[in-house]
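At position 137 of the sequence shown (counting the first as 1) the number is 600 in the numbering used here, and the numbers step up by one without a gap.
The beta carbon of each residue, even a glycine, is placed where N, CA and C say it ideally should be.
Computed from a prediction, not measured in an experiment: that's the story for all the values here.
Taking it in order: structure first as structure tokens, then the write-up.
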Amino acid sequence: MLLLCSGDVELNPGPNDKILADILESVRGLEAGQETILTELKGVKEKQAETDAQIKQLNDRVASLEASIASRSPGEISLPENSLQGINDQLQHITSRCDSAENRMRRSNLLFFGIEDDVNEDWEASEKKLIEFCEENLQITLHKPAV
């Protein structure tokens, strides 16, 4: 008691039950959260193991398909002969139609011999030369769309 009277000593309030109860509640909440996280992590690991097994199965299937294809001769892999013949016939038909269309397009063309081409002459300069030639020598007036 004498110490208390001197005034330099603080009173010890003792343990605070409310603070301890709050800390205990927080720790229990953290433990519950950790338990949830651990459960979810276990589920993720199980799913990853399943996915790894499926990937291994797919790799095995791809390897067996590659081995099967590699073991076949080129003749076995090629297209059937009748399919190739059909494609060849279609190609010849399209080629002949293209040639025919080009020939019909050329029927209306006129050829002008003796007109010199310049080295860097473009299409427009050639048109201009032909229009001038027709006007001066043939007395025919041409318009650009007709050329």
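Taking 8 angstroms as the cut-off, decide whether the C-beta atoms of residue i and residue j are in contact.
i	j	result
E590	K607	yes
L593	F575	yes
Between residue i and the rest of its own chain, which residues show a CB-CB distance below 8 angstroms, the 5 nearest in sequence each way excluded?
i	result
D420	This structure leaves residue 420 out entirely; the chain is present only between 464 and 610.
T604	C597, E598
Over the uninterrupted alpha helix (DSSP H) stretch that includes residue i, give me the two end residues.
i	result
F576	That residue, F576, is in no alpha helix (DSSP H); it is neither H nor E in DSSP.
T502	480-534
K591	586-600
I550	544-569
Grab me the residues of residue i's own chain with a C-beta within less than 7 angstroms of its C-beta, minus the 5 sequence neighbours each way, in chain order.
i	result
L493	none
W586	none
By Cβ distance below 6 angstroms, which residues in the same chain neighbour residue i in space, the five residues on each side in sequence not counted?
i	result
S527	none
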